[in-house]
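The numbering of the first sequence is my numbering, which starts it at 45 and goes up by one.
See below for the structure under consideration.
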Amino acid sequence: MTNKELADLIFPNITKTIFDYEKMYPERNLKEGAKVVRFAPSPTGFMHIGNMMSAVINYCLAKASGGVFFLRNEDTDQARSVDGAVDFIYHILNYYQISPDEYEKQGKIVGNYGPYIQSERIEIYHTFIKYLIEIGRAYPCFLTPEELEEIREEQAKRKKRIGIYGRYAKYRYTSNEELAKKIQNGEKYVIRFRSEGDFNRKFVFEDLTQGKIEFPENDIDVPIMKSENLLPTYHFAHVVDDHLMRTTHVVRGNEWMSSIPLHYELFKAFGYKMPKYIHTSLILKKDEENGTIRKISKRKDPEALMFYYEEKGYPVPAVIDAVLTIANSNYEEWRTNNPETPFYEFPFSPKKMSTSGALFDLDKLDNISKNYISKMSAGDLYQEYLNWALKYNKDIASLLEKYKEETILFLNIEREIKKPRKDYENYSSIFPKSWYMYDEEWPEEPNYELMKITDKEEIINIMEEYLNNYYNSSASQDEWFNQIKTLAEKMGYASDMKEYKENPLNYKGNVADFTTVMRVVLTTKNMTPNLYDIMKILGKDRMLKRLEIFKEKYLN
RNA sequence: GGCCAGUUGGUGAAGUGGCUUAACACACUGCCCUUUCACGGCAGCAUUCACGAGUUCGAAUCUCGUACUGGUCACCA
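So, in structure tokens, the structure goes:
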């Protein structure tokens, strides 16, 4: 029985050849140096920060070179697929504006190299597997899970390499007749690649990030088609898809590095040129419990999943900047020199990628984000803040809508100047620092963060005196502060800090203690933006009301 | 256990044989400025690049060995 006959027996309905597909998906007509890249997640989990990094790098590579960025859905593991994972990928790509040029969504294919969903490419894979069987580079294998387990145990016990190779690859030596008979008997099988490699021979592979690496050749007869759903394994699909889709650069996690010998041989078996590879470092995390460094975990680290950043309300460009800062060591410098340039114009260099894993630093993200938010106009910030609240906190959203003008005034304090305040790292952190501006948010019994002056009678005295006899809503900031200093002096508080420092015992306190009292009565907090502006927004009546609240708490 | 890679401060890192008594950014600490906070300014934070040996006039940078860390060894991607 010939290989051809065996191949026909296994794939009777496959009539096309690999050469037909070669013609269907010709070389892309792109300008010199244009990169064809892909984001190829598998919907077995929700998109995480590592996926994000890969997507962003791909996008940069494609945009900067005038190439193509396509999305391929690697859904060959249908048992583990998670509901909503695909939708979430589209949501995130859209949210961060890293949309693919080619993709397939709800039955609609955009691009000439689809389908872009692997489960819809089964005929293509079968054609390529059939070809491999015909040329003697693949065969059906009937090893049962129990037999495989036995082999593994034996290999472990004898300290041999694990895997189906050499004499362990039982069915590579079985005659086609016998194989055919088993198939006709309905026995379950997978299709294995017939390796011709020699583990003792080495070859050199060049990764764009890591440089030249020497590997032993692959000699393992790896499964290329599964028995249950007849779908290809990742390795096989990678070779077929990235060849047919004419991918020039594969960006993938470092965990794939060790599959290179296999991929190398698979491409060689078809006579195809391998794409270039950029193996990205893993994103790590310091474990809070035992202090060890480990791979970031979707289960233990909320920030691993892309939900996190959206829920917290980190601005889109801040997250992208943070990701690129980890991905490429010279990104930060570039960003400093090109503050307004879109991220995808960054000339990403695989060589500048770290080869060891990096800890994802939320402090760094916060810093990038604070800077970013500080540069937004009050109006823009209000809009983003509202958009976030509409989705994640309806109560805040309705407050923001009701008090739009006032909120913008508040957000504008010490903003839209050369050195703006940097106190919000994300939209969810605004409300805890501004709730006191909304009358209805005041609790029955406020928790006043009093500092040096704690005598309630004295505090009430200061407030009444100030509000009734000094406050003037049309005063400039200087006039305002002079009035406060005058009153402070009159009540026994030093208005001049230097003088106070020299003779502290001559005074009850200083003007800073004095203003802190006002700040706390009006906002409950001892840390707020500029008090002058806050008073202006509140106005005299509301300030008097807040004094009443204070009195109520302490005088009854 | 096999194969592959990595190891520069709390974090991300620059650095590819002399310009390094190791950039920059974040974090942290102190001081100054100051109505609080923030901003800003100044200063501090690795006498040393996992360890050992070698090459060299000279090594974080090259070689070898050791240790440790990570990845991988599925009909998962």
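Glycine included, each C-beta is placed from N, C-alpha and C at the ideal position.
Contact belief for residue i with residue j at Cβ below 8 Å, rounded distance in angstroms
{"i": "Asn437", "j": "Lys356", "result": "12 Å between Cβ atoms; not a contact."}
{"i": "Met45", "j": "Asn156", "result": "No, Met45 and Asn156 are not in contact; Cβ-Cβ is about 39 Å, not under 8 Å."}
{"i": "Leu310", "j": "Phe247", "result": "With 8 Å as the limit, Leu310 and Phe247 do not qualify as a contact, their Cβ atoms being about 14 Å apart."}
{"i": "Val367", "j": "Met91", "result": "That belief does not hold up - the Cβ atoms of Val367 and Met91 are roughly 12 Å apart, past 8 Å."}
{"i": "Leu50", "j": "Leu187", "result": "Wrong, their Cβ atoms sit about 18 Å apart, outside the cutoff."}
{"i": "Pro70", "j": "Ala129", "result": "So it is not a contact: roughly 32 Å between Cβ atoms."}
{"i": "Pro267", "j": "Phe243", "result": "Not quite, the Cβ-Cβ distance comes to about 19 Å (not below 8 Å), so this is no contact."}
{"i": "Met350", "j": "Asn372", "result": "Not a contact, Cβ separation roughly 20 Å."}
{"i": "Lys48", "j": "Glu178", "result": "5 Å"}
{"i": "Ser421", "j": "Glu445", "result": "Not a contact, Cβ separation roughly 19 Å."}
{"i": "Glu458", "j": "Asn574", "result": "6 Å"}
{"i": "Gly94", "j": "Ile327", "result": "5 Å"}
Residue closest to residue i, alpha-carbon to alpha-carbon, out of the options
{"i": "Lys414", "options": "Tyr358, Ile457, Gln427 and Lys396", "result": "Tyr358"}
{"i": "Asn273", "options": "Leu368, Tyr308 and Ser163", "result": "Ser163"}
{"i": "Arg290", "options": "Leu349, Ala108, Asp127 and Tyr65", "result": "Tyr65"}
{"i": "Asn516", "options": "Tyr576, Trp479 and Ala213", "result": "Tyr576"}
{"i": "Met318", "options": "Lys466, Tyr215, Ser303 and Val283", "result": "Val283"}
{"i": "Thr559", "options": "Asn550, Pro548, Leu549 and Leu511", "result": "Leu511"}
{"i": "Gly180", "options": "Phe186, Phe172 and Leu187", "result": "Phe172"}
{"i": "Phe454", "options": "Tyr480, Asp522 and Gln122", "result": "Tyr480"}
{"i": "Val295", "options": "Ile440, Cys104, Leu137 and Gly423", "result": "Cys104"}
{"i": "Gly207", "options": "Arg465, Lys584, Ile264 and Ser86", "result": "Ile264"}
{"i": "Glu146", "options": "His135, Ile136 and Ile161", "result": "Ile161"}
{"i": "Ala182", "options": "Lys204, Lys203, Gly89 and Tyr215", "result": "Tyr215"}
{"i": "Ile412", "options": "Val363, Lys529, Thr385 and Leu444", "result": "Val363"}
{"i": "Tyr139", "options": "Ser109, Tyr353 and Glu231", "result": "Tyr353"}
{"i": "Asn151", "options": "Asn117, His170 and Ile235", "result": "It is worth fixing the name first, because residue 151 is Gly in this sequence and not Asn. Looking at the Cα atoms, Asn117 is the closest of the given residues."}
{"i": "Val234", "options": "Leu192, Arg211 and Tyr447", "result": "Leu192"}
{"i": "Gly77", "options": "Ser109, Tyr375, Glu485 and Ile497", "result": "Ser109"}
Buried/exposed call for residue i, threshold 16 Cβ in 10 Å
{"i": "Leu599", "result": "exposed"}
{"i": "Asn554", "result": "buried"}
{"i": "Lys107", "result": "buried"}
{"i": "Glu299", "result": "exposed"}
{"i": "Gly111", "result": "buried"}
{"i": "Val564", "result": "buried"}
{"i": "Lys201", "result": "exposed"}
{"i": "Ala123", "result": "exposed"}
{"i": "Thr567", "result": "buried"}
{"i": "Lys435", "result": "exposed"}
{"i": "Val81", "result": "buried"}
{"i": "Asp585", "result": "exposed"}
{"i": "Lys79", "result": "buried"}
{"i": "Asn456", "result": "buried"}
{"i": "Ser302", "result": "exposed"}
Between the CA atoms of residue j and residue i - distance to the nearest angstrom
{"i": "Asp119", "j": "Pro159", "result": "12 Å"}
{"i": "Thr451", "j": "Pro394", "result": "45 Å"}
{"i": "Tyr321", "j": "His293", "result": "6 Å"}
{"i": "Phe280", "j": "Pro476", "result": "52 Å"}
{"i": "Ala99", "j": "Ile142", "result": "8 Å"}
{"i": "Ile506", "j": "Met571", "result": "19 Å"}
{"i": "Ile417", "j": "Ser442", "result": "22 Å"}
{"i": "Trp378", "j": "Ile370", "result": "13 Å"}
{"i": "His323", "j": "Gln254", "result": "8 Å"}
{"i": "Tyr308", "j": "Leu176", "result": "15 Å"}
{"i": "Gly315", "j": "Phe132", "result": "37 Å"}
{"i": "His287", "j": "Ile168", "result": "12 Å"}
{"i": "Lys500", "j": "Phe525", "result": "23 Å"}
{"i": "Tyr468", "j": "Met68", "result": "53 Å"}
{"i": "Asp439", "j": "Glu428", "result": "16 Å"}
{"i": "Tyr514", "j": "Met562", "result": "13 Å"}
{"i": "Gly89", "j": "Phe63", "result": "35 Å"}
{"i": "Ala433", "j": "Glu347", "result": "20 Å"}
{"i": "Leu591", "j": "Ser473", "result": "27 Å"}
{"i": "Leu406", "j": "Asp345", "result": "11 Å"}
{"i": "Lys463", "j": "Leu494", "result": "29 Å"}
{"i": "Lys466", "j": "Arg205", "result": "57 Å"}
{"i": "Glu250", "j": "Ile304", "result": "10 Å"}
Residue i CB to nearest heavy atom of the ligand PLP below 7 Å
{"i": "Lys446", "result": "For the ligand PLP, the structure offers nothing, since it holds no ligand at all."}
Runs of alpha helix (DSSP H) wholly within the segment 190-228 (minimum 4 residues, chain order): 220-228
Secondary structure, alpha helix (DSSP H): runs of 4+ residues fully inside the segment 110-156: 129-139
Every unbroken alpha helix (DSSP H) within the segment 445-505, with a cutoff of 4 residues, ordered by chain: 448-455
Entirely enclosed beta strand (DSSP E) segments - the segment 339-396, minimum 3 residues: none
Segments assigned beta strand (DSSP E), at least 3 residues, entirely inside the segment 70-101: 80-83
Unbroken stretches of the alpha helix (DSSP H), 4 residues or longer, contained in the segment 413-438: 422-436
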